[in-house]
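Q: Before we start, here is the structure in question, set down as structure tokens.
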Amino acid sequence: MRHTRTVFLCAALIAAPVFLHAQGGPAAAPGAAAKSAEFVPPRTADGKPDLQGVWETRNAAAFDITEITEGHEIPYRPEALEKEQKGPRVDPIAHCAMPGVPRITYMPYPIQIMQRPGYVIFMYEYLHDQRIVPTNTGPTNPAREHLDGVDFWLGDSLGRWEGDTLVVDVTNLDERSWLDSARHTHSDALHVVERYSRTGPNTIRYEATIEDPKMYTRPWKIVMPLHLNKEAGFELREQECTEGDDGRPIHPPYRPAPHGDVFEFPRKYPSTQGASK
Amino acid sequence: MKYTIWFAFAAMVAVAQPAAQPAQPAKPAAPVKAPAPRAIPRMADGHPDLEGIWQPRTSGAAYSILPHQGGFFLGGGSDTGVVEGGVLPYQPWAMEIVKDLTQHMEFDPTGHCHYEGIPHANYFGFQFFQTPTHIAVLYENMHARRIIYMTGSHPSDYLAWMGDSRGRWEGDTLVVDVANNNDKSVYDMAGHFHSDAEHVVERYNMVDHDNINWEATIDDPKVFTRPWKMKFPLRRAPKDNEIMESGCFEGERDAVHLVEGLAIIPADHYKQ
């Protein structure tokens with residue numbers, strides 16, 4: 020089952036660029052935006068658009084973010100690009116670090132969104148990452164401001180509803196995270212504004228504005244759809260990075276593990292169960 | 028080896044911090060003498076609403092679930108531990124292994140940034156998000172997480188650090204059946220362990236708005252001679268508390284020891 024899903028995701032990854040190319044890539048996004056005006060999203064008990072369910076991306080942005088970047092180009096400052104090329108060459112997720120935002124969203128693993136009054140909870144299968152986003156924040160209701168002087172791999176997320184769109188303002192992001200496996204990087208000044216809007220019964224339009232004055236000459240955008248997983252009885256499973264099992268095909272460690280299962284206790288169970296009872 | 032010891036030490040300190048406060052009282056927490064306990068909050072379907080952040084009072088269970096002295100792995104002491112009767116009914120072969128594991132804290136998988144498993148994860152603060160069909164439990168420590176499904180049944184093709192949780196209501200008590208546990212997670216830093224035959228039944232008995240009595244019955248016929256019980260109270264966290272990010276793995280450079288754990292690496296492996 021587990022492996023079936025991994026294989027499926029890998030297949031999806033390979034197929035996605037071709038598919039997107041045929042569709043014209045992110046250029047197809049404005050069409051989706053226009054659709055959102057027509058689509059009336061289902062609502063939760065408190066009247067907010069219902070984003071709940073298990074969602075998946077079907078693109079290869081985890082390998083190269085420019086696939087979903089508007090204009091397919093990142094507006095680097097020349098000095099930032101030079102710094103990036105001299106920077107670390109090993110992807111932090113190879114060390115089981117969390118991927119950061121927005122990268123966690125397009126990692127090729129399912130995402131479960133849960134909504135409770137005042138909160139949207141993102142549960143990522145990848146590395147059992149999670150984000151608890153309060154939705155009562157923002158200029159109109161500054162219940163909580165961004166924290167001061169502390170960075171997180173997944174940043175500090177503050178949410179608000181703008182009409183039927185969930186807007187999540189993310190700062191305090193760890194400067195070590197990368198945007199993809201192609202070593203597109205950012206600085207500690209990274210500021211991401213994510214927008215989630217339902218565009219159809221099975222889709223969410225995900226848009227993120229990426230701003231980092233130390234790295235880029237202007238804010239730039241990524242746009243992609245999230246697809247609802249409709250497989251009956253589908254549940255998130257456990258994905259643990261340090262075991263070198265499920266994570267391995269995605270980000271192999273420096274060298275192959277000597278055994279299939281690398282973390283073993285030096286204990287053996289009696290060959291006959293209950294022999295010593 | 029040097030790195031392993033250092034890492035084990037670092038892990039010890041890291042784990043010590045969250046548990047230091049609840050570990051202070053040597054006796055079980057005295058009942059809170061609040062003027063009038065607030066009533067149990069309820070969902071639309073009438074079941075208790077457990078949503079919120081809960082702080083366990085574990086008497087230093089992260090160090091040892093059995094009675095232990097202060098200073099044991101840097102932890103505060105506990106005269107009682109959290110195990111009913113203060114004894115774990117190990118089979119003789121398992122008892123021998125525990126004696127050894129207690130001397131080798133570097134085997135503790137949480138020191139390698141693995142999930143703690145159930146019940147171990149419950150020694151640390153967590154947040155419930157509740158719907159009639161599923162309850163998400165988001166732990167701060169190790170950014171661990173599980174979803175307690177109120178529907179369906181345990182999968183048959185799956186073992187996991189956090190197992191597979193299926194819940195049901197018995198009156199005001201949430202009963203969670205945790206199966207599909209792997210044999211790698213442990214109960215504490217003192218080497219108390221189980222096999223993949225472990226079956227945990229947790230009971231979250233909501234007493235009032237701010238208090239849950241939690242207990243777990245643990246059965247593992249491969250390791251123990253009989254089922255045994257563990258319990259401690261959970262108290263609602265102050266209103267402005269939030270679950271923050273605990274990364275554990277943060278670009279660790281000693282990946283050989285961390286990723287490989289203590290696997291036996293063939294002597295010629297590095298020559299390849």
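As given, the protein sequences belong to chains F and Z, one line each in that order.
Quick note: the first sequence uses the numbering used here, first residue 20, plus one each step.
Quick note: the second sequence uses the numbering used here, first residue 28, plus one each step.
The C-beta atom is built at its ideal place from N, Cα and C for all residues, glycine as well.
1. Taking the alpha-carbon positions, what's the H161/Z to T178/Z distance?
2. Using a Cβ-Cβ distance under 8 Å, would R195/Z count as near chain B?
3. Leaving out five residues on either side along the sequence, give the residues of the same chain with a beta carbon under 6 Å from the beta carbon of G278/Z.
4. Under 8 Å: do the stretch 250 to 264 of chain Z and the stretch 106 to 126 of chain Z share three or more Cβ pairs, one atom per stretch?
5. Kindly give me the distance between the Cβ atoms of G87/Z and G102/Z, rounded to whole angstroms, as I take these residues to be in contact under 8 Å.
6. Look up K105/F in the DSSP assignment and say whether it is helix, strand or coil.
7. Taking the alpha-carbon positions, what's the P68/Z to F156/Z distance?
8. Quick one: what does DSSP say L146/F is sitting in, helix, strand or coil?
9. How would you list, in chain order, the residues of chain F whose beta-carbon sits under 7 Å from the beta-carbon of W188/Z?
10. N120/F: buried (16+ other C-beta within 10 angstroms of its C-beta) or exposed?
11. Count the C-beta pairs between the stretch 228 to 235 of chain F and the stretch 147 to 160 of chain F that are closer than 8 Å, then say yes if the count reaches three, no if not.
12. Does the separation of the CB atoms of W74/F and I241/F fall below 8 Å?
13. Distance, Cα to Cα, R195/Z vs R173/Z?
14. Is the Cβ of D199/F closer than 8 Å to any Cβ of chain Z?
15. May I have the straight-line CA-CA distance separating P118/F from R193/Z, to the nearest angstrom?
16. What first and last residue would you give for the alpha helix (DSSP H) that runs through P119/Z?
17. Classify G112/Z as helix, strand or coil using the three-state DSSP reduction.
18. Just to confirm before moving on: does the CB-CB distance between A116/F and S200/F stay below 8 Å?
19. In the stretch 168 to 182 of chain Z, which residues sit with their C-beta less than 8 Å from some C-beta in chain F, listed in chain order?
20. How would you write the range of the beta strand (DSSP E) that R122/F sits in, first residue to last?
21. Can a CB atom of chain Z be found closer than 8 Å to the CB of F253/F?
22. Which residues in the same chain as P264/Z place their Cβ atom closer than 6 Å to its Cβ, once the five residues preceding and following it in sequence are excluded?
23. Out of R237/F, N248/F and T184/F, which has the shortest C-alpha to C-alpha gap to V139/F?
24. Go ahead and label S196/F buried or exposed: buried means 16 or more other beta carbons lie within 10 angstroms of its beta carbon, across all protein chains shown.
25. Over the uninterrupted beta strand (DSSP E) stretch that includes R193/Z, give me the two end residues.
26. Of all the residues that make up the stretch 123 to 142 of chain F, which are near chain Z by a beta-carbon distance shorter than 8 Å?
27. Give the single residue among D237/Z, V213/Z and V202/Z whose Cα lies nearest to the Cα of A148/Z.
28. Quick check: what's the CA-CA separation for L201/Z versus R230/Z?
29. So what's T178/Z in DSSP terms, helix, strand or just coil?
30. Which full runs of the beta strand (DSSP E) of 3+ residues lie inside the stretch 202 to 239 of chain F, going along the chain?
31. Just checking: is the beta-carbon of Q326/Z within a distance shorter than 8 Å of some beta-carbon in chain F?
32. Buried or exposed for Q130/Z, going by 16 or more other Cβ atoms inside 10 Å?
33. Candidates L146/F, W239/F and V169/F: which alpha carbon is nearest G90/F's?
34. Grouping DSSP H, G and I as helix and E and B as strand, with all else coil, what is A206/Z?
35. Pick from G168/F, P158/F and D193/F: whose alpha carbon is nearest that of L177/F?
36. Assign M122/Z to one of two classes, buried (16 or more other C-beta atoms within 10 Å of its C-beta) or exposed (fewer than that).
A: The short version:
1. 8 Å
2. Considering every chain present, this structure includes no chain B. Its protein chains are F and Z.
3. With a pLDDT of 49 at G278/Z, under the threshold of 50, the modelled position of that residue is not reliable, and the figure given next carries that caveat. Closer than 6 Å at the Cβ level, and outside the excluded window around G278/Z, lies no residue.
4. yes
5. 5 Å
6. helix
7. 14 Å
8. helix
9. E257 and E259
10. The amino acid occupying residue 120/F in the given sequence is Val; Asn does not appear at that position. Burial call: buried.
11. no
12. no
13. 16 Å
14. no
15. 30 Å
16. P119 to T129
17. helix
18. no
19. H170, A171, R172, I174, Y176, G179 and P182
20. No beta strand (DSSP E) holds R122/F; the alpha helix (DSSP H) holding it covers R122 to Y125.
21. no
22. It is worth fixing the name first, because residue 264/Z is Ala in this sequence and not Pro. Around A264/Z: I80 and Q82.
23. T184/F
24. buried
25. D191 to E197
26. Q131, M133, R135, Y138, I140 and M142
27. V213/Z
28. 6 Å
29. coil
30. 210 to 219 and 222 to 230
31. For residue 326/Z there is no data in the structure shown, the boundaries of chain Z being 28 and 299.
32. exposed
33. W239/F
34. strand
35. P158/F
36. exposed
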